[in-house]
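Chemist: Structure provided below as structure tokens; questions to follow.
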Amino acid sequence: MRIVVIGGGIVGLSSAYALAEREVDVVVCEKGSIGNGSTERAAGGIRAQFSTPTNVDLSVASMEVWDTFEERFGTDIDYRKTGYLFLARAPETASALERAVEMQNERGVPSEVLDPDAARERCPGIDPEKFAAATYSPTDGFADPHLALQAYARAAADTGVDVRTQTPVTDVLREGQRGGARGEERVTGVETPDGRLEADVVVNAAGPWARRVAEMAGVSLPIAPKRRQMVVVGPEEPVPETDPLTIDLETGTYFRPERDGDALVGGHLTSADPDRDPDGYDRGIDFDWAAEVLETAAEWATYFGPESRIKRGWAGLYAVTPDDNAIVEETVPGLVTAAGFSGHGFQHAPATGRIVAELTVDGEASLVDIEALSSERFETGTERVERNVV
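Going by our numbering, the sequence shown opens with residue -18, and the numbers climb by one from there.
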């Protein structure tokens, strides 16, 4: 059995590694360098505080790997479990967080609802007067995406995966007439500048390019590349390394500690959110945005006073779906999709890789019930929006 995985980010490499462990012949086609898309520009968050059951289940399954990552892969990924702290201002937001915690607890996640003063005990730099409630889970945290990606790349190569960088996929091959009804054709391989690669299954793990890959196979998937920015800030008051990753859900701003008192600060502050060209977007920061995001964070977190300074920053792409949930399925015969994670791809990569292997080798997923991640939800109106989006 031969599988071609399109995309050399962490979802693609996790999938390739899981497939190789099942003794499958795997080729990874990456159009640039490893992690060239979203992974190397991610914040590295790992959490189970989601509002939809499937995302919580993906997190719990992935955390089994993250918690033992160094033992499994021989790499220290600087995994710090300082928790996530979600902050709510409006009563309806607080109620939604409370419902989410109840669901998370049912799935074994030790999250809890906090009043504003208790939230300040978790993060001394917040202004409790701004908020109505909060939620916190001690098992959440963050890791270094670069180190994790390189570990997956080495593990994949060690298990026999043929990782081909600078190898764009120029077409997805299907038997029969293009444009037929869904399910009438089967994907049989891909075209690259180096020639054709025949495959029993092709895995679309192309992140921001996933919609284009699907179109090559004659499929329309609602996965949109959206630009997101982050800055490293030298705050007026040092941020303790023990602080959680802290999110103000109403303003959409967040921060987490970096080293030496610095903080990573981000947030999407405007309703304007055009699609971006993943081959040609600006990877630097907009300085007007940087000033605004820092001012917004300063309004609710005391660390970011007027003497704070922006040290550096970058922009990356989220591959976003209309309900902020991934698409994980066999989209048409021979084409497995694992994309559209809407900013959650890094943390869910360990579970996703195993699910891709199950779909490919066994014909169905067993690790997590992924029925809610079928793209058919957009046709039937059964999508369920993920509300805890960072």
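For every residue, glycine included, the Cβ atom is placed at its ideal position computed from N, Cα and C. It should be emphasised that the depicted structure is a prediction, and the values quoted were computed from it without experimental measurement.
Give me the residue from L340, R368, T333 and G(-7) with the minimum Cα distance to D38.
Modeler: Of the candidates L340, R368, T333 and G(-7), the one whose C-alpha sits nearest the C-alpha of D38 is T333.
Chemist: Report buried or exposed for T302, applying the criterion of at least 16 other Cβ atoms within 10 angstroms of its Cβ.
Modeler: The residue is buried, with at least 16 neighbouring Cβ atoms inside 10 Å.
Chemist: To the nearest angstrom, report how far apart L275 and T140 are at their CA atoms.
Modeler: If I take the Cα positions, the gap works out to 45 Å.
Chemist: On the DSSP letters alone, give me the boundaries of the alpha helix (DSSP H) that W295 sits inside.
Modeler: Segment R290 to V301 is the beta strand (DSSP E) holding W295; no alpha helix (DSSP H) there.
Chemist: Below 8 Å on the Cβ atoms is my contact criterion, and I expect V194 with A205 to pass it. Report the Cβ-Cβ distance as a whole number of Å.
Modeler: Not really, about 14 Å apart at Cβ, beyond 8 Å.
Chemist: For T318, report the span of its beta strand (DSSP E) as first-last.
Modeler: Run containing T318: L316 to A320, per the beta strand (DSSP E) assignment.
Chemist: Can you tell me which of the three DSSP states A279 falls into?
Modeler: Correct three-state label for A279: helix.
Chemist: Measuring only the C-alpha atoms, how far is G164 from L348?
Modeler: For G164, the predicted structure reports a pLDDT of 49, less than 50, and the residue's modelled location is therefore unreliable. A value from the coordinates is still provided. C-alpha separation (whole angstroms): 25 Å.
Chemist: When the Cβ atoms of the region 129 to 149 are set against those of the region 242 to 255, are three or more pairs found closer than 8 Å?
Modeler: As far as the Cβ criterion goes, the region 129 to 149 does not touch the region 242 to 255, which means the pair count is below three.
Chemist: State the DSSP-derived secondary structure class of Y133, mapped to helix, strand or coil.
Modeler: Helix at Y133.
Chemist: Looking at the strands, I want to know which residues DSSP matches up with I27.
Modeler: In the DSSP output, where bridge partners are listed per residue, I27 has G122.
Chemist: Which ranges would you report for the alpha helix (DSSP H) in the region 156 to 218 if only whole runs of at least 4 residues count?
Modeler: Taking only runs of at least 4 residues, the alpha helix (DSSP H) segments lying wholly in the region 156 to 218 are 191 to 197.
Chemist: Can you tell me where the beta strand (DSSP E) with R145 in it begins and where it stops?
Modeler: D143 to R145 is the extent of the beta strand (DSSP E) around R145.
Chemist: Please confirm whether L298 and R155 have their CB atoms less than 8 Å apart.
Modeler: Not closer than 8 Å, so no.
Chemist: May I ask which residues mark the beginning and end of the alpha helix (DSSP H) holding P97?
Modeler: P97 to R103 is the span of the alpha helix (DSSP H), which, as asked, contains P97.
Chemist: With which residues is L250 paired in a DSSP beta bridge?
Modeler: L250 pairs with nothing; no bridge assigned.
Chemist: Considering only their Cβ atoms, is the gap separating V9 from V(-14) smaller than 8 Å?
Modeler: Yes, the pair counts as a contact, with Cβ atoms nearer than the cut-off.
Chemist: Can L68 and I107 be called in contact, C-beta distance under 8 Å?
Modeler: Closer than 8 Å, so yes.
Chemist: Examine the Cβ distances between the region 52 to 71 and the region 89 to 106 and report whether three or more of them are shorter than 8 Å.
Modeler: Short answer: they touch.
Chemist: If contact is defined by three or more beta carbon pairs under 8 Å, each pair taking one atom from either stretch, is the region 282 to 295 in contact with the region 335 to 351?
Modeler: Segments in contact, no.
Chemist: Can you check DSSP and say which residues form a bridge with Y235?
Modeler: In DSSP, Y235 forms a bridge with I228 and G247.
Chemist: Kindly indicate the opening and closing residues of the beta strand (DSSP E) around V9.
Modeler: Run containing V9: D6 to C10, per the beta strand (DSSP E) assignment.
Chemist: For E45, does the three-state DSSP call read helix, strand or coil?
Modeler: Helix, per DSSP.
Chemist: By the 10 Å Cβ neighbour count, where 16 or more other Cβ atoms means buried, how is E364 classified, buried or exposed?
Modeler: So E364 ends up on the buried side.
Chemist: Can the beta-carbon of R53 be found closer than 8 Å to that of G122?
Modeler: Going by C-beta atoms, R53 is not nearer than 8 Å to G122.
Chemist: With 16 as the cutoff for other CB atoms within 10 Å, does E310 come out buried or exposed?
Modeler: Counting Cβ neighbours within 10 Å, E310 comes out buried, since at least 16 surround it.
Chemist: Would you tell me roughly how many angstroms separate the C-alpha atoms of V370 and I27, rounded to the nearest one?
Modeler: Each residue's Cα considered, the two are about 13 Å apart.
Chemist: Alpha carbon to alpha carbon, how far is R80 from I58?
Modeler: Between R80 and I58, the C-alpha separation is close to 33 Å.
Chemist: In angstroms, rounded to a whole number, what distance separates the CA positions of A109 and T277?
Modeler: A quick correction: the sequence has Pro, not Ala, at residue 109. Their Cα atoms are separated by approximately 15 Å.
Chemist: Counting along the chain, where does the alpha helix (DSSP H) carrying V(-8) start and finish?
Modeler: I(-9) to E2 is the span of the alpha helix (DSSP H), which, as asked, contains V(-8).
Chemist: Thinking just about the alpha-carbon of each residue, which of D260, F236 and H325 is nearest to the one in W281?
Modeler: If we check each option's Cα against that of W281, F236 comes out closest.
Chemist: Across which residues does DSSP place Y117 in a beta bridge pair?
Modeler: In the DSSP output, where bridge partners are listed per residue, Y117 has L66 and E93.
Chemist: Just to confirm my understanding: we take V200, look at its own chain, exclude 5 residues before and 5 after, and list those with CB closer than 8 Å. What are they?
Modeler: Correct list, in chain order: R163, T312, V313 and L316.
Chemist: Under a three-way DSSP split, which group does E310 fall into?
Modeler: DSSP places E310 in strand when its eight states are reduced to three.
Chemist: Can you tell me which residues form a DSSP beta bridge with I336?
Modeler: DSSP, once it has assigned bridges, lists no residue as partnering I336.
Chemist: Between the C-alpha atoms of D224 and G242, what's the straight-line distance to the nearest angstrom?
Modeler: Answer to the nearest angstrom: the Cα atoms are 10 Å apart.
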